[in-house]
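Asks:
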Amino acid sequence: MTVDPPAGPPAPEPRGGHRPGGPRRVPRYRRVLNRRLFATLPARLRLLRAAVLAVAAALVVLLAVAGFTAHGTWAGIAGRDAPRTTSAADLDLALDDMDAQVANILLASGDAGAGRLQTPYAKAVGFYGDSRTSISRALRTLAVAAEGDPAAQHTVESLIADYARYQELVGRALDSDERKGGKQAAVLDYRRATDLLQSQLLPEARELTDANNMAFEHAYRDARNAHTGQLVAALVLGVLLLAVLAALQWYLTRRFRRILNPGLLAATACALLAAVLGAQALAADAAHLRVARRDSFDSVVALSRARALAHDANADESRYLLDPDRRTGYQQAFFEKAGLLYGVEGTSDGRYPDDVARTWSAYRADHDDLRFTGEFRRELDNITFAGERDAAAATVDAYLVYVRDDAKIRRLSAAGRDREAAEFCMGWEPGTSNAHFQEWMKALDKVEAINQRHFDSSVSAGRAETTGALPRSVGSLLAAAALTVLGLRPRLREFS
Numbered sequence: 053m054t055v056d057p058p059a060g061p062p063a064p065e066p067r068g069g070h071r072p073g074g075p076r077r078v079p080r081y082r083r084v085l086n087r088r089l090f091a092t093l094p095a096r097l098r099l100l101r102a103a104v105l106a107v108a109a110a111l112v113v114l115l116a117v118a119g120f121t122a123h124g125t126w127a128g129i130a131g132r133d134a135p136r137t138t139s140a141a142d143l144d145l146a147l148d149d150m151d152a153q154v155a156n157i158l159l160a161s162g163d164a165g166a167g168r169l170q171t172p173y174a175k176a177v178g179f180y181g182d183s184r185t186s187i188s189r190a191l192r193t194l195a196v197a198a199e200g201d202p203a204a205q206h207t208v209e210s211l212i213a214d215y216a217r218y219q220e221l222v223g224r225a226l227d228s229d230e231r232k233g234g235k236q237a238a239v240l241d242y243r244r245a246t247d248l249l250q251s252q253l254l255p256e257a258r259e260l261t262d263a264n265n266m267a268f269e270h271a272y273r274d275a276r277n278a279h280t281g282q283l284v285a286a287l288v289l290g291v292l293l294l295a296v297l298a299a300l301q302w303y304l305t306r307r308f309r310r311i312l313n314p315g316l317l318a319a320t321a322c323a324l325l326a327a328v329l330g331a332q333a334l335a336a337d338a339a340h341l342r343v344a345r346r347d348s349f350d351s352v353v354a355l356s357r358a359r360a361l362a363h364d365a366n367a368d369e370s371r372y373l374l375d376p377d378r379r380t381g382y383q384q385a386f387f388e389k390a391g392l393l394y395g396v397e398g399t400s401d402g403r404y405p406d407d408v409a410r411t412w413s414a415y416r417a418d419h420d421d422l423r424f425t426g427e428f429r430r431e432l433d434n435i436t437f438a439g440e441r442d443a444a445a446a447t448v449d450a451y452l453v454y455v456r457d458d459a460k461i462r463r464l465s466a467a468g469r470d471r472e473a474a475e476f477c478m479g480w481e482p483g484t485s486n487a488h489f490q491e492w493m494k495a496l497d498k499v500e501a502i503n504q505r506h507f508d509s510s511v512s513a514g515r516a517e518t519t520g521a522l523p524r525s526v527g528s529l530l531a532a533a534a535l536t537v538l539g540l541r542p543r544l545r546e547f548s
């Protein structure tokens, strides 16, 4: 007889929720989630549709942010960074020219008008007035631009105060010069004025130029880094959007036995167009930014510095003739500035024109032979645009003529022919030093104008990208999202 075993408590169920060999139990929340998101065809279609809309929305946000950022960058460049830098450079130039014209007035005026060099005197008076107007305009611009920047405000305030003192000294010098026998008193006041200019005004103006140019440089680097990140993100999102659309098209083809869904096909075309337009716009904007800053504005700054140095060096020639007691110092100052314009290693004052001619001839024969330094070298290292190299070369050609004139002025003065030296230094007739100086400045203007035109055109083109291509890309993305919804609607209705 068989005896059943005594009844006892049931054996514990194995961990994991099911008996060995029995069906595995799935947690309720997973069953619900799978049924809603993956188990049914409508759920899968809605999930893919949501993925398309999410990626498209992310790309729309990215391109919108990129557009607003680029618009702000270009507005800052055109309305703040570049004008502040050029205004500070213009102030430097106007101060140099004003002081040069005061020296020319005193040198050409004679003794209370007796023995006056009429044409040089009249020209100097006219240029002096122009420089005063330019300084006032530049100081107003810089004062407005410095608002909110304590360091810049302090520098501008110091400039205004020092300029007032400078004008007072210059006014006294010119008043003394109008009196018979007042030349010596005029020269003494002019000494104090030009010392103030060299020790205070010009360093402050150049500091402001450098500070504003550095602020522009920081803004450029930040914008360039932002462009790089935005371009990479746009490419990634664009590829992802196309991949999701392709997956959705493939899924519909497999499930509904239809080759293509017209709505999704149109949505894919719009997404592809949006990705291409967005990437092109971001890349083009970055390229315009590089041209504006590196290719053009770097040269504008170098040429602005060269022009200011040129006027200051030209003033040193007049100071040299006006104040014999300081001739050694003014001669040294002239050649220091000449070296900043076109430096030749191992040269001396007496050999400088010949050394310039020798090294420049070597460069003209071989553009890789750069045995000189300075602002002219900086420009020649940044040749970018059509006609720029020839214009830059013409500038150095004119400079070589000018430094040879300087050597002639010093030879005449050393021979005791100061009157003849002054007439040649300040003359405007063809073949005189001032005439050659103006030819040099006109050549410099042509090079700067080439770079300024390309800067302006790059700013305009960059702004056009933010108001043209990027909005079109956003519009294409919105169209892709709408077409995706419309293309899936008939399929989803079949399950209603």
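Take 53 as the starting number for the sequence shown in this note's numbering and just add one per residue.
Where a beta carbon is used, it is the ideal one built from N, C-alpha and C, also for glycine.
1. Flag this pair as yes or no: are the beta carbons of TYR218 and LEU260 separated by less than 8 Å?
2. Note the first and the last residue of the continuous alpha helix (DSSP H) segment covering ASP241.
3. Buried or exposed: ARG541, going by 16 or more other Cβ atoms within 10 Å of its Cβ?
4. Starting from the C-beta of VAL526, find all residues in its chain whose C-beta is less than 7 Å away, skip the five residues before and the five after it, and write them out in chain order.
5. Determine the direct distance from the alpha carbon of ALA118 to that of GLN282, and round the result to whole angstroms.
6. Which residue comes first and which comes last in the alpha helix (DSSP H) that contains GLN383?
7. By alpha-carbon positions, which one of GLU440, PHE349, LEU293, LEU530 ends up nearest to MET266?
8. Taking the C-alpha atoms as reference points, what is the distance between TYR372 and GLY181?
9. Quick check on ARG545: buried or exposed, where buried means 16 or more other Cβ atoms within 10 Å of its Cβ?
10. Quick check on DSSP: helix, strand or coil for ASP347?
11. Could you tell me if GLU582 is buried or exposed, where buried requires 16 or more neighbouring beta carbons within 10 angstroms of its beta carbon?
12. Does the distance from the CB of ALA533 to the CB of LEU100 come in under 8 Å?
13. For the region 476 to 492 against the region 404 to 414, are there 3 or more C-beta pairs whose distance is under 8 Å?
14. Whole beta strand (DSSP E) runs in the region 457 to 486 with 3 or more residues, listed along the chain?
15. Please report how far the alpha carbon of SER510 lies from the alpha carbon of TYR303, in whole angstroms.
16. Could you please give me the residues that DSSP links to ASP166 through a beta bridge?
17. The alpha helix (DSSP H) spanning PHE437 covers which residue range?
18. Could you tell me the distance, in whole angstroms, from the CA atom of VAL291 to the CA atom of ALA327?
19. Hey, how far is the Cα of ARG456 from the Cα of GLN384?
20. Go ahead and label ARG462 buried or exposed: buried means 16 or more other beta carbons lie within 10 angstroms of its beta carbon, across all protein chains shown.
21. Check whether the region 358 to 373 touches the region 385 to 401, taking contact to mean three or more Cβ pairs, one atom from each stretch, closer than 8 Å.
Replies: So, from the data block:
1. In the sequence shown, the residue the question calls residue 218 occupies position 166. In the sequence shown, the residue the question calls residue 260 occupies position 208. LEU260 sits away from TYR218, with the two beta carbons spaced by 8 Å or more.
2. Taking the first residue of the sequence shown as position 1, residue 241 is located at position 189. In this chain, the alpha helix (DSSP H) harbouring ASP241 covers 235 to 248.
3. By one-based count along the sequence shown, residue 541 stands at place 489. Result: exposed.
4. Start at 1 with the first residue of the sequence shown, and residue 526 comes out as number 474. Excluding residues within five positions, the ones whose Cβ falls inside 7 Å are VAL112, LEU115, ALA116.
5. Position 230 of the sequence shown holds residue 282. Position 66 of the sequence shown holds residue 118. So the two alpha carbons sit approximately 7 Å from each other.
6. Numbered from its first residue, the sequence shown carries residue 383 at position 331. It spans 379 to 393 - the alpha helix (DSSP H) in which GLN383 sits, taken as one unbroken run.
7. Within the sequence shown, the letter at position 214 stands for residue 266. When each option's Cα is compared against that of MET266, the closest is PHE349.
8. By 1-based counting over the sequence shown, the position of residue 372 is 320. By 1-based counting over the sequence shown, the position of residue 181 is 129. Near 23 Å, if we compare the C-alpha coordinates of GLY181 and TYR372.
9. As a working mapping, residue 545 is identified with position 493 in the sequence shown. By the neighbour-count rule (16 or more Cβ atoms within 10 Å), ARG545 is not buried but exposed.
10. One-based indexing of the sequence shown puts residue 347 at position 295. Residue state, collapsed to three classes: helix.
11. Nothing about residue 582 can be reported from this structure: the residues present for the chain run from 53 to 548 only.
12. On the sequence shown, residue 533 is found 481 positions in, with the first residue counted as 1. On the sequence shown, residue 100 is found 48 positions in, with the first residue counted as 1. The beta carbons of ALA533 and LEU100 sit no closer together than 8 Å.
13. No, because fewer than three Cβ pairs between the region 476 to 492 and the region 404 to 414 fall closer than 8 Å, the two stretches do not touch.
14. DSSP runs (the beta strand (DSSP E)) wholly in the region 457 to 486: none.
15. Mapped onto the sequence shown, residue 510 falls at position 458. Mapped onto the sequence shown, residue 303 falls at position 251. Distance between the alpha carbons of SER510 and TYR303 is about 46 Å.
16. Position 114 of the sequence shown, counted from the first residue, corresponds to residue 166. Residue 166 is actually Ala in this sequence, not Asp. Under DSSP, ALA166 shares a beta bridge with ASP163.
17. In the sequence shown, residue 437 corresponds to position 385, counting from 1. That residue, PHE437, is in no alpha helix (DSSP H); it is neither H nor E in DSSP.
18. The residue labelled residue 291 in the question sits at position 239 within the sequence shown. The residue labelled residue 327 in the question sits at position 275 within the sequence shown. Cα-Cα distance, rounded: 8 Å.
19. Start at 1 with the first residue of the sequence shown, and residue 456 comes out as number 404. Start at 1 with the first residue of the sequence shown, and residue 384 comes out as number 332. If you draw a straight line from the Cα of ARG456 to the Cα of GLN384, it is about 16 Å long.
20. What you label residue 462 is simply residue 410 of the sequence shown in a count that begins at 1. Counting Cβ neighbours within 10 Å, ARG462 comes out buried, since at least 16 surround it.
21. Because the criterion of three Cβ pairs below 8 Å is met, the region 358 to 373 and the region 385 to 401 touch.
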